[in-house]
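First the structure, in the form of C-alpha coordinates, and then the observations on it.
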Amino acid sequence: MDEDIVNVARMIRPYLPALVGDEADEYDREIAGLLARAHNGEDVSDRLLAVLTRSKATHGWAARVLESDRQLPPEISQPLERGYQQLPGDDGVIDAERFECPHGDYVWYRISVGVVAPPCPTHPECPLVAA
(Lines of atoms letter the chains of each structure in order from A and count residues from 1; the text may use other names and numbers.)
(Lines give C-alpha, C1' and ligand atoms only; values in the text may rest on other atoms or scores of the structure.)
Protein backbone atom coordinates (compact mmCIF):
# COMPACT_ATOMS: atom_id res chain seq x y z
CA MET A 1 0.00 0.00 0.00
CA ASP A 2 1.27 3.49 -0.85
CA GLU A 3 1.21 5.38 2.47
CA ASP A 4 1.76 8.75 0.74
CA ILE A 5 -1.50 8.35 -1.20
CA VAL A 6 -3.32 7.32 1.97
CA ASN A 7 -1.95 10.35 3.83
CA VAL A 8 -2.99 12.73 1.03
CA ALA A 9 -6.47 11.21 1.09
CA ARG A 10 -6.66 11.85 4.83
CA MET A 11 -5.48 15.43 4.42
CA ILE A 12 -7.74 16.43 1.53
CA ARG A 13 -11.03 15.71 3.25
CA PRO A 14 -11.47 19.09 5.00
CA TYR A 15 -10.64 20.86 1.73
CA LEU A 16 -13.16 19.01 -0.44
CA PRO A 17 -15.95 21.64 -0.21
CA ALA A 18 -13.58 24.28 -1.55
CA LEU A 19 -12.16 21.94 -4.19
CA VAL A 20 -15.26 20.19 -5.56
CA GLY A 21 -18.18 22.16 -4.15
CA ASP A 22 -21.47 20.26 -4.16
CA GLU A 23 -19.71 16.96 -4.87
CA ALA A 24 -17.75 17.17 -1.61
CA ASP A 25 -20.03 14.81 0.33
CA GLU A 26 -19.81 12.16 -2.38
CA TYR A 27 -16.03 12.43 -2.56
CA ASP A 28 -15.76 12.35 1.22
CA ARG A 29 -17.92 9.24 1.57
CA GLU A 30 -15.88 7.43 -1.05
CA ILE A 31 -12.55 8.48 0.47
CA ALA A 32 -13.74 7.61 3.99
CA GLY A 33 -14.83 4.15 2.85
CA LEU A 34 -11.52 3.51 1.13
CA LEU A 35 -9.59 4.74 4.17
CA ALA A 36 -11.55 2.35 6.40
CA ARG A 37 -10.61 -0.51 4.09
CA ALA A 38 -6.98 0.62 4.16
CA HIS A 39 -7.12 0.63 7.95
CA ASN A 40 -8.17 -3.03 7.79
CA GLY A 41 -5.08 -3.82 5.73
CA GLU A 42 -6.52 -3.75 2.23
CA ASP A 43 -4.41 -2.10 -0.47
CA VAL A 44 -6.66 0.65 -1.83
CA SER A 45 -3.93 2.95 -3.14
CA ASP A 46 -5.03 2.67 -6.77
CA ARG A 47 -8.67 3.37 -5.91
CA LEU A 48 -7.73 6.33 -3.73
CA LEU A 49 -5.54 7.68 -6.50
CA ALA A 50 -8.46 7.34 -8.92
CA VAL A 51 -10.68 9.40 -6.61
CA LEU A 52 -7.97 11.99 -5.98
CA THR A 53 -7.35 12.48 -9.70
CA ARG A 54 -11.02 12.48 -10.75
CA SER A 55 -11.32 16.26 -10.58
CA LYS A 56 -8.76 18.75 -11.81
CA ALA A 57 -8.89 20.60 -8.48
CA THR A 58 -8.31 17.53 -6.30
CA HIS A 59 -5.66 16.26 -8.67
CA GLY A 60 -3.74 19.54 -8.49
CA TRP A 61 -4.09 19.74 -4.71
CA ALA A 62 -2.88 16.15 -4.23
CA ALA A 63 0.02 16.67 -6.64
CA ARG A 64 1.19 19.79 -4.75
CA VAL A 65 1.12 17.87 -1.47
CA LEU A 66 3.00 14.89 -2.90
CA GLU A 67 5.60 17.13 -4.55
CA SER A 68 6.28 19.18 -1.41
CA ASP A 69 9.16 18.19 0.81
CA ARG A 70 7.10 18.06 3.99
CA GLN A 71 3.88 16.77 2.40
CA LEU A 72 1.60 19.29 4.04
CA PRO A 73 -1.49 21.02 2.61
CA PRO A 74 -0.45 23.74 0.14
CA GLU A 75 -1.52 26.70 2.28
CA ILE A 76 0.52 25.38 5.20
CA SER A 77 3.62 24.30 3.33
CA GLN A 78 3.94 27.49 1.29
CA PRO A 79 5.66 30.39 2.98
CA LEU A 80 3.59 33.45 3.62
CA GLU A 81 3.72 35.82 0.76
CA ARG A 82 4.92 39.20 1.75
CA GLY A 83 5.40 41.94 -0.67
CA TYR A 84 5.79 45.57 -1.30
CA GLN A 85 3.55 47.64 -3.46
CA GLN A 86 4.74 51.09 -4.36
CA LEU A 87 2.46 53.94 -3.39
CA PRO A 88 0.65 55.60 -6.28
CA GLY A 89 1.99 58.78 -7.78
CA ASP A 90 5.13 60.04 -9.42
CA ASP A 91 8.16 58.23 -8.10
CA GLY A 92 10.62 60.68 -9.61
CA VAL A 93 13.17 62.68 -7.70
CA ILE A 94 11.73 65.52 -5.70
CA ASP A 95 13.01 68.82 -6.99
CA ALA A 96 13.87 70.47 -3.73
CA GLU A 97 15.00 74.05 -3.87
CA ARG A 98 18.44 74.63 -2.41
CA PHE A 99 19.12 77.53 -0.04
CA GLU A 100 22.45 78.47 1.46
CA CYS A 101 23.97 80.98 3.78
CA PRO A 102 25.78 83.80 1.97
CA HIS A 103 28.80 82.97 4.13
CA GLY A 104 28.81 79.43 2.72
CA ASP A 105 28.58 77.43 5.95
CA TYR A 106 24.97 76.26 5.87
CA VAL A 107 22.77 74.61 3.24
CA TRP A 108 19.08 73.85 3.49
CA TYR A 109 16.63 72.26 1.00
CA ARG A 110 13.00 73.33 0.71
CA ILE A 111 10.80 70.40 -0.29
CA SER A 112 7.56 72.38 -0.45
CA VAL A 113 7.02 75.90 -1.74
CA GLY A 114 4.90 76.76 1.30
CA VAL A 115 7.79 76.32 3.72
CA VAL A 116 9.77 79.44 4.58
CA ALA A 117 13.54 79.09 4.70
CA PRO A 118 14.86 79.23 8.26
CA PRO A 119 17.64 81.61 9.27
CA CYS A 120 21.21 80.38 9.23
CA PRO A 121 22.00 78.97 12.69
CA THR A 122 25.50 80.45 12.53
CA HIS A 123 24.51 83.86 11.11
CA PRO A 124 20.90 84.46 12.17
CA GLU A 125 21.01 87.97 10.79
CA CYS A 126 21.64 86.66 7.24
CA PRO A 127 18.67 85.14 5.46
CA LEU A 128 19.38 82.06 3.37
CA VAL A 129 19.41 82.67 -0.34
CA ALA A 130 18.31 80.42 -3.18
CA ALA A 131 21.29 78.79 -4.79
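What the sequence shown shows, in this note's numbering, is residues -13 to 117, in sequence order.
We treat Cβ as the ideally placed atom computed from N, Cα and C, and that holds for glycine.
So, using beta-carbon positions, are residue i and residue j closer together than 8 Å?
i, j, result
"D(-10)", "L2", "no"
"V(-8)", "L34", "yes"
"A49", "V6", "no"
"A24", "M(-13)", "yes"
Considering just the uninterrupted stretch of the beta strand (DSSP E) at residue i, what are its terminal residues?
i, result
"H84", "This sequence places Arg at residue 84; His is not what is there. Segment E83 to E86, the beta strand (DSSP E) holding R84."
Where does the unbroken alpha helix (DSSP H) through residue i begin, and where does it stop?
i, result
"G90", "Taken as a continuous stretch (DSSP letters only), G90 belongs to no alpha helix (DSSP H), as it is neither H nor E."
"M(-3)", "E(-11) to I(-2)"
"D29", "Segment: none, D29 is in no alpha helix (DSSP H) and carries neither H nor E."
"V6", "L2 to V6"
"V102", "Unbroken run through V102: none, as it is neither H nor E."
"E53", "K42 to E53"
Here's the rule I'm using: 16 or more other beta-carbon atoms within 10 Å means buried, otherwise exposed. How should residue i be labelled?
i, result
"L58", "exposed"
"V(-6)", "buried"
"I17", "buried"
"A22", "exposed"
"V51", "buried"
"C112", "exposed"
"V115", "exposed"
Under the DSSP definition of a beta bridge, which residues are partnered with residue i?
i, result
"P113", "P105"
"R96", "E83"
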